[in-house]
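A quick write-up on the structure given underneath.
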């Protein structure tokens, strides 16, 4: 046939879920190897790098080398350019992979650096404190826009059945069936309804968030004063770190102590980061779900 049949949302979604399943398996195997050879502390330091490496290698060895991913092969899909007649160029595919793997992290890193730079009065000495506060608020809104853009992209995917990932939307990569495939157009009305419901939820969430930001903007001065007081309190509370026990993962004084169901204590961030790889206690290996972690408030 001259033009392949464009894939429907259920197949695209199923292929993506399959790929994520295989990538998570690779991550878990790599995590187990690193933890056994170098220990838990080393793994926590390199986890972010290993996660990025696993995803980049997976799509490099499949998509970039003109191969289907395991998920695409499972449902019989092929990536094509907007004409639906040819594969995307290697540059297009490399761009999509890079945006998917590094885009969110680079954006977050740049926005954090910008926020830190703006908070230093020496960088823009002529800027008034009020103007600086509003610029910082605008920076925060831009930083949080990644969440809204991601949700909006998902809404558009459910409604129109194209571009499940933002990186593929930016690179204009489509999916078609590799062979003659039974059309599943009866799924489209259901997905469109899901998209409409998701859009309604997104609008309500945006309105709620905007009202909250507006209220916070009106009490900006009070919030700044409270922040100074809280910062001073935290410094006072941290004047005797010797009385705080150490976390078994980072080997530093525990911060925001959290408890597992088996009774072991860790830093809140440390144990949640650990559970992203393995759902088990680092000390006794008992099965632990992230939802079972209990933060210990006012714990000394």
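Residue numbers (full-length UniProt numbering): 1 to 300.
Yeah, the Cβ is synthetic: ideal placement off N, Cα and C, and Gly gets one too.
Exercise for review: Could you say which of 165, 87, 248, 139 lies nearest to residue 387 if we only look at CA atoms?
Suggested key: Outside the shown range of the chain (1 to 300) lies residue 387, about which nothing can therefore be said.
Review point. Using DSSP with H/G/I as helix, E/B as strand and the rest coil, what is residue 50?
Key: If you number the chain shown from 1, residue 50 lands on position 50. Helix.
Review point. Count the other CB atoms within 10 Å of the CB of residue 36; is the residue buried (16 or more) or exposed (fewer)?
Key: Here residue 36 refers to the residue found at position 36 when the chain shown is read from its first residue. Looking at its Cβ environment, which holds fewer than 16 other Cβ atoms inside 10 Å, residue 36 is exposed.
Point to revise | Classification of residue 13 by the beta-carbon crowding that lies within 10 angstroms, buried from 16 upward | key: Residue 13 sits at position 13 when you count from the first residue of the chain shown. Buried, because 16 or more other Cβ atoms sit within 10 Å of the Cβ of residue 13.
Point to revise | Pairwise C-alpha distance: residue 298 and residue 98 | key: As a working note, residue 98 is residue 98 in the chain shown. As a working note, residue 298 is residue 298 in the chain shown. Those two C-alpha atoms are separated by around 43 Å.
Exercise for review: Taking 8 Å as the threshold, find out whether the stretch 69 to 77 comes into contact with the stretch 19 to 34 through three or more Cβ pairs.
Suggested key: yes
**Study point:** Euclidean distance between Cα positions of residue 6 and residue 84
**Key:** Mapped onto the chain shown, residue 6 falls at position 6. Mapped onto the chain shown, residue 84 falls at position 84. Each residue's Cα considered, the two are about 8 Å apart.
Practice item. Measure the C-alpha to C-alpha separation of residue 237 and residue 157 and round it to an integer number of angstroms. Key: Residue mapping note: residue 237 aligns to position 237 of the chain shown, counting from 1. Residue mapping note: residue 157 aligns to position 157 of the chain shown, counting from 1. Low per-residue confidence applies at residue 237: pLDDT is 46, beneath 50, and the placement is therefore not dependable enough to give any value.
Review point. Distance, Cα to Cα, residue 255 vs residue 137?
Key: In the chain shown, counting from the first residue as 1, residue 255 sits at position 255. In the chain shown, counting from the first residue as 1, residue 137 sits at position 137. Rounded to the nearest angstrom, the two C-alpha atoms are 27 Å apart.
**Study point:** Bridge partners - residue 295, DSSP secondary structure assignment
**Key:** Here residue 295 corresponds to residue number 295 of the chain shown, with the count starting at 1. Answer is 258.
**Study point:** Cβ contact check for the stretch 187 to 203 and the stretch 97 to 117: 3 or more pairs under 8 Å
**Key:** no
Practice item. For residue 77, write down the residues that DSSP places opposite it in a beta bridge. Key: Position 77 of the chain shown, counted from the first residue, corresponds to residue 77. Answer is 177, bridged to residue 77.
Check your understanding: Out of curiosity, what's the CA-to-CA distance linking residue 44 and residue 57?
Key -> Looking up residue 44 in the chain shown gives position 44. Looking up residue 57 in the chain shown gives position 57. Cα to Cα, the separation comes out at about 20 Å.
Check your understanding: Helix or strand or just coil, what does DSSP make of residue 1?
Key -> Within the chain shown, the letter at position 1 stands for residue 1. Note that residue 1 scores a pLDDT of 45, beneath 50, so its modelled location is shaky and nothing firm can be said.
Check your understanding: Is residue 296 buried or exposed, if buried means 16 or more other CB atoms sit within 10 Å of its CB?
Key -> If you number the chain shown from 1, residue 296 lands on position 296. Exposed.
Practice item. Starting from residue 267, follow the beta strand (DSSP E) in both directions and report where the run begins and ends. Key: Numbered from its first residue, the chain shown carries residue 267 at position 267. Taken as a continuous stretch (DSSP letters only), the beta strand (DSSP E) holding residue 267 covers 265 to 267.
Point to revise | Which listed residue (192, 117, 270, 169) has its alpha carbon closest to that of residue 79 | key: Against the chain shown, residue 79 aligns to sequence position 79. Checked all of 192, 117, 270, 169; the closest Cα to residue 79 is 169.
**Study point:** Supposed contact pair residue 290 and residue 249 - C-beta distance, whole angstroms, cut 8 Å
**Key:** As a first step, residue 249 must be located in the chain shown, where it is residue number 249. As a first step, residue 290 must be located in the chain shown, where it is residue number 290. So it is not a contact: roughly 15 Å between Cβ atoms.
Review point. Just reading off the alpha helix (DSSP H) that residue 172 is part of, what are its end residues?
Key: The sequence position of residue 172 within the chain shown is 172, counting from 1. Where residue 172 is concerned, there is no enclosing alpha helix (DSSP H), given that its DSSP letter is neither H nor E.
Check your understanding: Any idea if residue 69 is buried or exposed, counting beta-carbon neighbours within 10 angstroms, 16 or more meaning buried?
Key -> Within the chain shown, the letter at position 69 stands for residue 69. By the 10 Å Cβ count, residue 69 comes out buried.
Practice item. Measure the alpha-carbon distance for residue 262 versus residue 273 and round it to whole angstroms. Key: As a first step, residue 262 is located in the chain shown; it is residue number 262 there, counting from the start. As a first step, residue 273 is located in the chain shown; it is residue number 273 there, counting from the start. One C-alpha to the other measures close to 18 Å.
**Study point:** Coil, strand or helix - residue 248 by DSSP
**Key:** The count along the chain shown starts at 1 and reaches residue 248 at position 248. Residue 248 falls in the coil class under three-state DSSP.
**Study point:** Euclidean distance between Cα positions of residue 111 and residue 118
**Key:** Stepping through the chain shown from its first residue, residue 111 is reached at position 111. Stepping through the chain shown from its first residue, residue 118 is reached at position 118. Cα to Cα, residue 111 sits roughly 10 Å from residue 118.
Exercise for review: Throw me the rounded Cβ distance for the residue 92 and residue 173 pair, which I believe falls under 8 Å.
Suggested key: By 1-based counting over the chain shown, the position of residue 92 is 92. By 1-based counting over the chain shown, the position of residue 173 is 173. At roughly 7 Å, the Cβ-Cβ gap stays under 8 Å, so residue 92 and residue 173 are in contact.
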